[in-house]
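*Asks:* The structure that follows is given in the form of structure tokens.
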Amino acid sequence: MSGPAHRTVRLVEWAGCFVTGTVFLLAGIPKILNPALFATTIFQQKLLPGLFTNLTAIYLPWLEIACGLALIFVPAARRGALWVASILLAIFTLSIGLNMLRGGFAPCGCFGSLFPDAALPPWAGLLRNVALMAFTSAALLAQSFRAKPYLPPRPGSAGPACD
Amino acid sequence: MAALLACALLLGTAAQLLGPRGIPWIQDHSTNPLVMAQLADIEIVDIDKARDIQESGDFLLLDARRIEDFNAGHIPTAISFPNTAREEALNELAVLLQPEQPLLVYCSGPECDEALLLGIFLRDQGTQKVVLFAGGFSQWKHAGLPVE
Chain B
1005 MSGPAHRTVR
1015 LVEWAGCFVT
1025 GTVFLLAGIP
1035 KILNPALFAT
1045 TIFQQKLLPG
1055 LFTNLTAIYL
1065 PWLEIACGLA
1075 LIFVPAARRG
1085 ALWVASILLA
1095 IFTLSIGLNM
1105 LRGGFAPCGC
1115 FGSLFPDAAL
1125 PPWAGLLRNV
1135 ALMAFTSAAL
1145 LAQSFRAKPY
1155 LPPRPGSAGP
1165 ACD
Chain L
121 MAALLACALL
131 LGTAAQLLGP
141 RGIPWIQDHS
151 TNPLVMAQLA
161 DIEIVDIDKA
171 RDIQESGDFL
181 LLDARRIEDF
191 NAGHIPTAIS
201 FPNTAREEAL
211 NELAVLLQPE
221 QPLLVYCSGP
231 ECDEALLLGI
241 FLRDQGTQKV
251 VLFAGGFSQW
261 KHAGLPVE
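This is the structure:
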């Protein structure tokens, strides 16, 4: 991979991680501040057995926070964090989709009280998640490319003519 | 990936055991007023919307708490309509409660269910639009909004 291409790949990876990480942090913090409200939201969605409602409300926000921090601040953990983010986003998208199919009755609660659900229609949440999945996929792809080492052209080796 | 899951488990457990916002590990949510309101198809409004409604004057504000609590402080322009004495209150306020008159009901806070029960009752009596201010008087007062 050439120098500029390498830089572009790094930029795509960094942007994907930064955007997804920021969104995950913004989504996790309000839920941690009000786990009772998040538990109610999960219950309203009726996607999980009652036994798992509060357990999800307790642990999911911390997973979002850990994932967001890893994406932004821990380059060594980015690959794992991107996979976790992709899986979470797929689950969230599925739950929003199911909710829409059932008439959009239950709130999304995606960002707790930070951005109330009434502010946006359900399809906007779906679009946002699809966009984020595109970001994580691009970042994962960029990381795979970057894993191939960049070897600068050696003097005397065949390369583009520049004289 | 495993490290992230371990981190989340550790932090979640620590917050649950040591933090101020712990919730029961397992809980029956079917009696939660917010859930009940949703199941009853009663619209819930937040404090900003409640303030807009109060300022607009389009809605009749009903305080579902006991009369003693109402007298100790209530949202301006609200009328006492204790859920525990709703039949009597309905008779007294029948002139104001026309079916097309929209109502906002509230009680002491998110945990109380008097406002919701009153809202369901009034809707069953023919009121076409009832909204629930789930934050109640405690949230109104805590937000520094005027009280009477």
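Which chain is which? The protein sequence lines are B and L, in order. Following my numbering from start to finish, the first sequence increments by one per residue and tops out at 1167. Following my numbering from start to finish, the second sequence increments by one per residue and tops out at 268. For each residue, glycine too, the CB sits at the ideal point set by N, CA and C.
1. For L:V250, does the three-state DSSP call read helix, strand or coil?
2. What did DSSP end up calling B:V1078 once you bin it into helix, strand or coil?
3. Nearest-angstrom Cα distance between L:K249 and L:L242?
4. Which residue comes first and which comes last in the beta strand (DSSP E) that contains L:I164?
5. Within 10 angstroms of the Cβ of L:W145, are there 16 or more other Cβ atoms? Answer buried if so, exposed if not.
6. Taking all protein chains shown into account, do 16 or more other C-beta atoms lie within 10 angstroms of the C-beta of B:V1134, making it buried, or fewer, making it exposed?
7. Three or more C-beta pairs under 8 Å: does that hold for the segment 188-197 of chain L against the segment 208-223 of chain L?
8. Can you tell me the Cα-Cα spacing of B:A1165 and B:P1065, whole angstroms?
9. By how many angstroms is the C-alpha of B:L1030 removed from the C-alpha of L:Q94?
10. So is L:W260 in contact with chain B if we call contact Cβ pairs under 8 Å?
11. Which first and last residues belong to the beta strand (DSSP E) in which L:V225 is found?
12. Quick one: what does DSSP say L:L137 is sitting in, helix, strand or coil?
13. Use the C-beta contact count for L:S200: other C-beta atoms within 10 angstroms, 16 or more gives buried, fewer gives exposed.
14. Please report whether the beta-carbon of L:G256 lies at a distance below 8 Å from any beta-carbon of chain B.
15. Which whole-angstrom value describes the C-beta separation of B:A1080 and B:T1140, a residue pair presumed to lie in contact below a C-beta threshold of 8 Å?
16. Assign B:L1136 to one of three DSSP states: helix, strand, or coil.
17. Confirm the yes/no value for this check: CB of L:Q245, any heavy atom of the ligand NAD, distance under 7 Å.
18. Starting from the beta carbon of B:L1052, find every residue of chain L whose beta carbon is closer than 9 Å, and list them in chain order.
19. What three-state label does DSSP hand L:I143 in the structure shown?
20. Would you give the residue range spanned by the alpha helix (DSSP H) that L:D189 belongs to?
21. Are the CB atoms of B:L1075 and B:L1086 within a distance shorter than 8 Å?
22. Are at least three pairs of beta-carbons, each pair with one atom in the segment 229-239 of chain L and one in the segment 135-150 of chain L, less than 8 Å apart?
23. Taking Cβ-Cβ distances shorter than 9 Å, what residues in chain L pair up with B:L1030?
24. Sort L:C227, L:G246, L:A160 by Cα distance to L:I187 and report the nearest one.
*Replies:* According to the data block:
1. strand
2. coil
3. 9 Å
4. 163-165
5. exposed
6. exposed
7. no
8. In this prediction, B:A1165 has a pLDDT of 41, which is less than 50 and means its spatial position is unreliable; nothing more can be read from the coordinates.
9. Because residue 94 of chain L is not part of the residues shown, which for chain L are 121 to 268, the question remains open.
10. no
11. 223-226
12. helix
13. buried
14. no
15. Between B:T1140 and B:A1080 the Cβ distance is about 18 Å, and since that is not below 8 Å, they are no contact.
16. helix
17. Among the components modelled here there is no ligand, and therefore nothing to report on the ligand NAD.
18. The premise fails here: B:L1052 is roughly 11 Å from chain L at the closest Cβ pair, so nothing lies under 9 Å.
19. coil
20. 187-192
21. yes
22. no
23. The premise fails here: B:L1030 is roughly 17 Å from chain L at the closest Cβ pair, so nothing lies under 9 Å.
24. L:C227
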